[in-house]
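As you go down the protein sequences, you meet chains S and E in turn. Numbering that gives the first Met the number 0 applies: residue 0 is where the first sequence begins, and numbers increase by one. Numbering that gives the first Met the number 0 applies: residue 0 is where the second sequence begins, and numbers increase by one. One structure is given here, and the rest of the page talks about it.
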Amino acid sequence: MKKIGIVAGLVFFVSLLTTPLPAQDVVRFSIPLPLTGSNAKFGEIEKNAYEIALEEINAKGGIKGKKVALEFEDSQGKPEVTRSIAEKLIDVKKQPVLFGEYSSSCSKALAALADERKTPYLVVTGATDDITQQNYKYIFRMNPSNAYYASGMMSFLKEVVKPTSIAILYESSDFGTSGAEDMVKQAEKFGIKVLVKEKYEKGAVDFKPILSKVKAAAPDVIYMVSYVMDASLLMKHIKELRIDSKLFAGGAAGFAIPEFVESAKDAAEYVVTATLWSPQVAYSGAKEFAEKYKKMYKDYPSYHGAEAYSALYVIKDALERAKSWTADDIRIAMEATNMMTAFGPIKFEDKEGYTNQNFMDTLVMQVIKANHETIWPQKYASAKYIYPIPRWRDRK
Amino acid sequence: MAIQVELFLQTLIAGILLGGLYALIGIGMTLIMGVMKIINLAHGELMMVAMYIAYWLFTLLHLDPYLSLFVAMPALFFFGVALQKYLINPVLKVDSILPENQVILTVGIGMVLANLATIFFTSNYRSTPVDYATKAFYLTDFWKNAPIELSLSFSWSLSFLMAVIITIALWFFLTRTDTGKSIRATAQDLDAALLMGVNVGKIRVATFGIGCALVGAAGCLFLPIYYLFPSLGGQFTLIAFVITILGGLGSTVGAIIGGVILGIFESMTATYLGMGWAPVGRFLIFVAALVFLPGGVASLLRKKKFGK
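Structural data, given as structure tokens:
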């Protein structure tokens with residue numbers, strides 16, 4: 000009797016799980032994101048941003064009259080986990096279009112799989128160049144690739160700082176390596192001598208030895224590609240060693256989020272960083288999104304948030320224009336995308352070896368009085384840049 | 000020339016400071032190794048636990064990480080005692096195919112701790128922004144016309160100094176007190192110690208507690224100069240392991256020397272070879288120690304007759 004009860008209970012439970020919910024007027028998307036692990040901070044920012052966009056879209060009637068529902072799958076920032084999530088989405092959930100992920104290595108793994116399975120995938124934040132350099136037909140990227148992260152920074156360097164030498168420090172990941180390689184190429188193009196180019200393992204305790212070497216080389220600019228805690232350790236150690244370069248520059252990521260200033264405190268002052276977006280930028284909807292995010296989560300979103308927020312709008316736009324919601328029709332609709340978002344203009348182009356890549360202006364921010372201010376290009380600036388920066392010993 | 004001298008000296012300073020802290024991590028593991036004959040692979044995770052204690056004391060009560068030593072060390076001591084009493088000792092008594100299944104148990108304990116920390120505290124990176132974080136002493140402040148400029152970080156030096164004080168205190172404890180002598184006796188010859196009336200069971204429990212308290216102290220000293228996240232343990236377990244092998248299994252003096260050697264070696268590789276090489280260097284030392292110096296630094300000391 001007891002056994003029958005258990006079986007009956009199990010059957011009931013299973014049927015609960017498998018009963019199809021009224022699915023016809025809801026369109027569901029699962030988004031792989033690193034919700035635990037070392038990139039969880041960024042995963043959380045993006046998740047929040049997706050939810051804001053979701054709420055707005057549903058409030059305005061959803062996509063073609065259907066309500067949108069989002070689910071988040073934790074990829075732990077591991078490419079192999081991302082891959083298995085994507086396989087599940089394609090094979091089991093039959094999701095016709097994929098988007099999401101944070102890091103370059105995860106996005107790259109997802110892109111390879113999605114193209115093989117002929118499912119469109121919108122890369123939202125993965126920045127390493129080669130994701131859109133493989134002639135993938137089904138892969139679209141809305142964020143500029145790493146090579147273009149530095150373009151705004153380069154014009155700032157060329158017009159204001161005019162350095163003759165540079166030292167590059169970078170994390171030994173996909174993101175760090177490609178960021179550093181691109182900086183080397185740009186520097187060579189403009190005749191800036193690369194004096195030191197060193198990589199480090201994420202999680203290093205002490206940067207002083209390598210920084211002493213940088214100090215001995217005395218470069219005009221120190222350019223660093225790091226995530227947030229390494230970024231603040233680097234600046235703290237630079238302050239301790241009193242390395243007086245003309246400029247300390249970061250390549251987005253860790254340098255561009257408020258935690259950097261919180262953690263590095265006064266050592267963060269005057270540091271400039273490339274960024275793709277900032278809350279004060281003049282794109283329509285950018286400020287509104289930033290304020291809404293701040294109201295809900297007590298902090299301004301980083302550019303990752305704006306990317307995620309806009310990604311859902313890009314998907315909505317493509318789905319509304321697609322003839323049918325099959326992978327191929329969605330791909331055709333995506334290719335024709337030409338829209339303005341809170342993150343900036345989105346248009347997928349094939350040029351300079353890239354396929355379906357969005358090209359846009361990048362910005363430069365500087366930490367001024369413990370706040371990130373947009374300083375370059377000057378038409379988008381929220382504050383006048385401070386240059387030359389004072390020497391360490393002259394700071395209070 | 001002056002620049003090269005400055006570079007070398009600055010690297011050496013960094014290496015010695017780092018080495019002092021490494022040594023403190025290594026001593027805890029080596030002490031447990033000596034008495035229990037097992038490698039405690041949850042060592043780094045225990046350090047992580049202490050760091051969270053210090054972090055929350057700082058965030059909630061604004062207690063300086065250095066003062067939280069006095070909370071974190073006893074806390075970790077009792078935590079270690081409990082681990083030994085209720086988890087490791089019962090496993091010691093069970094017969095199994097694997098001769099050292101307590102080692103596997105410590106791996107499990109480490110994983111549980113890391114995952115609990117992720118659940119309770121999320122995987123966010125955290126740091127304690129203390130006011131003196133970037134304060135440093137400069138050679139030119141003391142000697143106006145110095146040909147070279149050297150800097151000595153305030154928090155790094157303080158951490159190093161505390162590590163030295165704790166190590167000296169431990170040395171007095173091990174050589175001057177009955178409990179300390181019993182610990183050394185147990186490490187040297189378990190059967191003889193038993194025959195001499197040492198309560199080996201109790202000594203084991205105490206040693207595990209002390210080992211944990213030491214790595215807890217290291218955690219508090221690392222917090223102001225580093226940062227914190229739940230999976231940080233593995234990296235430090237590895238460092239402690241390398242130091243224990245390098246120092247000679249179970250030798251305290253060996254662990255101190257091993258720690259300093261590793262610290263200097265890592266800093267030198269970072270400066271002269273490149274920072275990406277530091278992990279490779281760590282394993283090179285590890286393998287070299289196993290092949291060329293199986294007894295570690297301790298065996299050299301023994302030959303020269305000034306160690307025990």
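For every residue, glycine included, the Cβ atom is placed at its ideal position computed from N, Cα and C.
My understanding is that residue i touches residue j, with C-beta atoms under 8 angstroms, so please give their C-beta distance in whole angstroms.
| i | j | result |
| --- | --- | --- |
| Thr336 (chain S) | Tyr302 (chain S) | In fact, because the Cβ distance is near 19 angstroms, the residues do not count as touching under 8 angstroms. |
| Ala341 (chain S) | Tyr308 (chain S) | 6 angstroms |
| Asp397 (chain S) | Ala146 (chain S) | In this structure chain S extends from 0 to 395, so residue 397 (chain S) is not present and cannot be described. |
| Leu245 (chain E) | Gly295 (chain E) | 6 angstroms |
| Thr117 (chain E) | Asn39 (chain E) | About 21 angstroms; that fails the 8 angstroms criterion. |
| Gly304 (chain S) | Glu115 (chain S) | Rounded, the Cβ-Cβ distance is 30 angstroms, inconsistent with contact. |
Would you identify the three-state DSSP class for residue i, choosing helix, strand or coil?
| i | result |
| --- | --- |
| Lys297 (chain S) | coil |
| Gln9 (chain E) | helix |
| Ser298 (chain E) | helix |
| Glu170 (chain S) | strand |
| Tyr199 (chain S) | strand |
| Asp73 (chain S) | strand |
| Gly99 (chain S) | strand |
| Arg203 (chain E) | helix |
| Val204 (chain S) | coil |
| Ala22 (chain S) | Below a pLDDT of 50, predicted positions are generally treated as unreliable, and Ala22 (chain S), at 49, falls in that range; the measurement from the model is reported next regardless. In the structure shown, Ala22 (chain S) sits in coil (DSSP, three-state: anything other than H, G, I, E or B). |
| Trp276 (chain S) | coil |
| His61 (chain E) | coil |
| Lys235 (chain S) | helix |
| Glu433 (chain S) | There is no way to answer for residue 433 (chain S), as the model of chain S reaches only from 0 to 395. |
| Gln400 (chain S) | No answer is possible for residue 400 (chain S): the residues shown for chain S start at 0 and end at 395. |
| Lys66 (chain S) | strand |
| Ala380 (chain S) | coil |
| Lys92 (chain E) | helix |
| Ile385 (chain S) | coil |
| Tyr54 (chain E) | helix |
| Lys107 (chain S) | helix |
| Ile238 (chain E) | helix |
In terms of residues, what are the limits of the alpha helix (DSSP H) holding residue i?
| i | result |
| --- | --- |
| Ser181 (chain E) | 177 to 187 |
| Leu111 (chain E) | For the record, residue 111 (chain E) in the displayed sequence is Val; it is not Leu. Where Val111 (chain E) is concerned, the enclosing alpha helix (DSSP H) stretches over 100 to 120. |
| Pro208 (chain S) | 207 to 216 |
| Phe291 (chain E) | 277 to 291 |
| Thr340 (chain S) | Premise fails: Thr340 (chain S) lies in the beta strand (DSSP E), 337 to 340, not in any alpha helix (DSSP H). |
| Met267 (chain E) | 251 to 271 |
| Leu88 (chain S) | 78 to 90 |
| Val80 (chain E) | 68 to 82 |
| Tyr269 (chain S) | Here Tyr269 (chain S) belongs to no alpha helix (DSSP H), and DSSP marks it neither H nor E. |
| Tyr302 (chain S) | 302 to 320 |
For the beta strand (DSSP E) that residue i lies in, which residues bound it at each end?
| i | result |
| --- | --- |
| Glu148 (chain E) | Note, Glu148 (chain E): premise wrong, no beta strand (DSSP E); not H, not E. |
| Gly250 (chain S) | 246 to 250 |
| Met364 (chain S) | 362 to 367 |
| Glu348 (chain S) | 343 to 350 |
| Ala135 (chain E) | 135 to 137 |
| Arg140 (chain S) | 138 to 140 |
| Met223 (chain S) | 220 to 224 |
Is any non-hydrogen atom of the ligand ZN found closer than 7 angstroms to the C-beta of residue i, if you look at the structure I gave you?
| i | result |
| --- | --- |
| Phe78 (chain E) | Absence of the ligand ZN is noted for the structure shown, with no ligands found whatsoever. |
Stretch-stretch touch, CB-based, cutoff 8 angstroms, three pairs: the region 70 to 82 of chain E with the region 208 to 224 of chain E
yes
For the region 266 to 280 of chain E against the region 204 to 221 of chain S, are there 3 or more C-beta pairs whose distance is under 8 angstroms?
yes
Using 8 angstroms as the threshold, is the region 249 to 266 of chain S in touch with the region 44 to 51 of chain E, meaning 3 or more CB pairs across them?
no
Quick check: the region 234 to 242 of chain S against the region 146 to 157 of chain E, are there 3 or more CB pairs under 8 angstroms?
yes
To be precise: take each residue of the region 241 to 253 of chain S, compare its Cβ to all Cβ atoms of chain E, and keep it if any distance is under 9 angstroms. Which residues remain?
Arg241
Pairing CB atoms from the region 261 to 277 of chain S with CB atoms from the region 316 to 331 of chain S, are three or more of them under 8 angstroms?
Taking a cut-off of 8 angstroms for Cβ pairs, the region 261 to 277 of chain S and the region 316 to 331 of chain S do not touch, as fewer than three such pairs fall below it.
Name the residues in the region 204 to 215 of chain S whose C-beta lies less than 8 angstroms from a C-beta of chain E; which are they?
Val204, Asp205, Phe206, Lys207, Pro208, Ile209, Ser211, Lys212, Lys214, Ala215
Whether or not the region 184 to 198 of chain S and the region 156 to 170 of chain S are in contact is what I'm after, with contact meaning three or more pairs of Cβ atoms, one per stretch, closer than 8 angstroms; do they touch?
Short answer: they touch.
Output needed in chain order: residues of the region 240 to 274 of chain E with a Cβ under 9 angstroms from some Cβ in chain S.
Gly262, Glu265, Ser266, Met267, Thr268, Ala269, Thr270, Tyr271, Gly273, Met274
Mind listing which residues of the region 184 to 199 of chain S have their C-beta closer than 7 angstroms to chain E's C-betas, in chain order?
Those residues of the region 184 to 199 of chain S that come within reach of chain E (Cβ to Cβ, closer than 7 angstroms) are Glu197, Lys198, Tyr199.
What are the residues of the region 33 to 58 of chain S that lie near chain E, defined by any Cβ-Cβ distance shorter than 7 angstroms?
Thr35, Gly36, Ser37, Ala39, Lys40
On the three-pair Cβ rule with 8 angstroms, is the region 71 to 87 of chain S touching the region 106 to 113 of chain S?
yes
In the region 250 to 282 of chain S, which residues sit with their C-beta less than 9 angstroms from some C-beta in chain E, listed in chain order?
Glu258, Glu261, Ser262, Ala263, Lys264, Asp265, Ala266
Give, in chain order, every residue of the region 150 to 168 of chain E whose Cβ lies closer than 7 angstroms to some Cβ of chain S.
Ser150, Ser152
Any residues in the region 46 to 58 of chain E with a beta carbon nearer than 7 angstroms to a beta carbon of chain S? Which ones, in chain order?
none
Any contact between the region 277 to 296 of chain E and the region 232 to 249 of chain E? By contact I mean 3 or more CB pairs, one from each, below 8 angstroms.
Result yes; three or more Cβ-Cβ pairs closer than 8 angstroms.
Between the region 101 to 132 of chain E and chain S, which residues of the former have CB atoms less than 7 angstroms from a CB of the latter, in chain order?
Thr117, Thr121, Ser122, Asn123, Tyr124, Ser126, Pro128, Ala132
Flag this pair as touching only if the region 198 to 207 of chain E and the region 56 to 75 of chain E have three or more C-beta atom pairs under 8 angstroms; answer yes or no.
no
At least three beta-carbon pairs within less than 8 angstroms, the region 154 to 163 of chain E to the region 260 to 271 of chain S
With a cut-off of 8 angstroms, the region 260 to 271 of chain S and the region 154 to 163 of chain E do not count as touching, because too few Cβ pairs lie within range.
Within 8 angstroms, do at least three Cβ pairs link the region 59 to 67 of chain S to the region 285 to 299 of chain S?
no
May I ask you to list, following chain order, the residues of the region 354 to 369 of chain S that have a beta carbon less than 8 angstroms from some beta carbon of chain E?
none
With a cut-off of 8 angstroms, do at least 3 Cβ pairs link the region 117 to 128 of chain E to the region 226 to 233 of chain S?
yes
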